[in-house]
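> Last residue of the sequence shown: number 277 in our numbering, and the count goes up by one each step with no gaps. Backbone N, C-alpha and C fix where the C-beta goes; we use that ideal spot for every residue, glycine too. What follows is a single structure, and I will ask about it in a moment.
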Amino acid sequence: MTGNRLLQRVDFAFEHHRQSSIAVLPQSFLMHSISIQLEGPSTVEVWCGEKRTRVTLLRGDMTIAPYRFSIDRANVEPCEFLQLHLSPSVIDRAASEVGGPPTIVPVLGAVDPLAEQTIYQLEEELTSGRGTEEYVSLLIETLATHLVKYYAEETCTAKEAGGFPKYLLETTLDYINQSLDRNISTEEIARAVGIEPARLARAFRVSTGKSIHRYLNER
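If you want it as structure tokens, here you go:
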């Protein structure tokens, strides 16, 4: 495994990792860990007690391991990813400002373009040499607020592997429901909401329990 720590402060650390296949030993996370897949497909299997979760991660997929979350073991295929570690105090501040709970749920392979683009922008600011501390802090605060809004235990719709957060599920359903007077394809819907067709199809099925084709046929 190779890694490059781009920046570390008291309240966060940002890293770029590239690794071969690995068997992960039991571990507990001491910070909130948010990862964005940079290449794919890469299959991940995670065991938490008796529960086994398996998902094939594609480029852009997001994984969240909250503070104090523990896994018993995991198998990870070769992959490359960006990883942001946030101290609990960052999430606590965001929760206080928006009036939401500070408890973030674990998520494996969520499709969330807003969080994805925020982390890409953070990488750009940290590697270009042009990023200011104020703008980096703003990006961190923006992402923390986003996590509290859409990945708190009470509000998260992406608890299963590969799902949508609430805002993207609602955007996708709104577009479909407004287009029922004509034939629409998965590719058109994907363009409208700004994600790849394969990721759209997987996340839609996980979040609704139905394929896009079945959902359209039932309208």
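Would the beta-carbon of Glu-183 fall within 8 Å of that of Val-194?
Within the sequence shown, numbered from 1, the residue matching residue 183 stands at position 125. Within the sequence shown, numbered from 1, the residue matching residue 194 stands at position 136. In terms of Cβ geometry, Glu-183 and Val-194 form a close pair [threshold 8 Å].
> Given a cut-off of 8 Å on the beta-carbon distance, is the pair Phe-72 and Leu-142 in contact?
Numbered from its first residue, the sequence shown carries residue 72 at position 14. Numbered from its first residue, the sequence shown carries residue 142 at position 84. Their beta carbons are under 8 Å apart, which means Phe-72 touches Leu-142 by this criterion.
> Indicate whether Ala-152 and Thr-203 have their beta-carbon atoms separated by less than 8 Å.
Translated into the one-based positions of the sequence shown, residue 152 becomes position 94. Translated into the one-based positions of the sequence shown, residue 203 becomes position 145. Result yes, Cβ atoms of Ala-152 and Thr-203 sit closer than 8 Å.
> What are the boundary residues of the alpha helix (DSSP H) that Arg-110 is part of?
For this step, residue 110 is matched to residue 52 along the sequence shown. Arg-110 -> not in any alpha helix (DSSP H); beta strand (DSSP E) instead, spanning 109-115.
> Is Ile-270 helix, strand or coil by DSSP?
Counting from 1 along the sequence shown, the entry for residue 270 is found at position 212. In the structure shown, Ile-270 sits in a helix (DSSP, three-state: H, G or I).
> Whole angstroms is fine: what's the gap from Glu-97's alpha carbon to Glu-212's?
Against the sequence shown, residue 97 aligns to sequence position 39. Against the sequence shown, residue 212 aligns to sequence position 154. In a straight line, the C-alpha of Glu-97 is about 31 Å away from that of Glu-212.
> Going by beta-carbon coordinates alone, are Cys-137 and Ser-100 separated by less than 8 Å?
Taking the sequence shown and counting its residues from 1, one reaches residue 137 at position 79. Taking the sequence shown and counting its residues from 1, one reaches residue 100 at position 42. It is a contact, given that the beta carbons lie within the stated cut-off.
> Please report the distance separating the alpha-carbon of Ile-162 from that of Leu-205.
For the purposes of this step, residue 162 is taken as the residue at position 104 of the sequence shown. For the purposes of this step, residue 205 is taken as the residue at position 147 of the sequence shown. Roughly 7 Å between the two C-alpha positions.
> To the nearest angstrom, how far is the alpha carbon of Pro-159 from that of Ser-265?
Start at 1 with the first residue of the sequence shown, and residue 159 comes out as number 101. Start at 1 with the first residue of the sequence shown, and residue 265 comes out as number 207. For Pro-159 and Ser-265, the distance between alpha carbons rounds to 22 Å.
> Going by DSSP, what residue range makes up the alpha helix (DSSP H) through Leu-197?
Along the sequence shown, read from residue 1 onward, the residue named residue 197 stands at position 139. Unbroken alpha helix (DSSP H) run through Leu-197: 191-208.
> In terms of alpha-carbon separation, which member of Thr-229, Tyr-208, Ile-242 lies closest to Gly-252?
Locating residue 252 in the sequence shown gives position 194, counting from the first residue. Among Thr-229, Tyr-208, Ile-242, the Cα nearest to that of Gly-252 belongs to Thr-229.
> Please look up how many angstroms separate the CB atoms of Leu-197 and Leu-180, rounded, as I've assumed it's under 8 Å.
Counted from its first residue, the sequence shown places residue 197 at position 139. Counted from its first residue, the sequence shown places residue 180 at position 122. Rounded, the Cβ-Cβ distance is 5 Å, consistent with contact.
> Measure the beta-carbon distance from Val-113 to Ala-250 and round it to whole angstroms, keeping in mind my assumption that it falls under 8 Å.
For this step, residue 113 is matched to residue 55 along the sequence shown. For this step, residue 250 is matched to residue 192 along the sequence shown. That pair is no contact at about 25 Å.
> Using DSSP bridges, identify the partner residues of Asn-133.
As a first step, residue 133 must be located in the sequence shown, where it is residue number 75. Answer is Ala-81, Glu-103, bridged to Asn-133.
> Which residue marks the beginning of the alpha helix (DSSP H) containing Ala-153, and which one marks its end?
Locating residue 153 in the sequence shown gives position 95, counting from the first residue. Here the alpha helix (DSSP H) through Ala-153 covers 146-156.
> So for Arg-263, helix, strand or coil by DSSP?
Here the question's residue 263 lines up with position 205 in the sequence shown. Looking at Arg-263 - three-state DSSP - the assignment turns out to be helix.
> Would you mind giving the Cβ-Cβ distance between Ile-122 and Tyr-209, rounded to the nearest angstrom? I have them listed as a contact below 8 Å.
As a first step, residue 122 must be located in the sequence shown, where it is residue number 64. As a first step, residue 209 must be located in the sequence shown, where it is residue number 151. That belief holds up - the Cβ atoms of Ile-122 and Tyr-209 are roughly 6 Å apart, short of 8 Å.
> Got a sec? Which residues, its chain only, sit under 7 Å from Ser-147 by beta carbon, not counting five neighbours each side?
The residue given as residue 147 occupies position 89 in the sequence shown. These residues qualify, in order along the chain: Asp-69.
> What did DSSP end up calling Glu-183 once you bin it into helix, strand or coil?
Translated into positions along the sequence shown, residue 183 becomes position 125. Three-state DSSP puts Glu-183 in a helix.
> Could you please give the first and the last residue of the uninterrupted alpha helix (DSSP H) stretch that includes Leu-227?
Taking the sequence shown and counting its residues from 1, the one referred to as residue 227 is at position 169. Note, Leu-227: alpha helix (DSSP H), 224-235.
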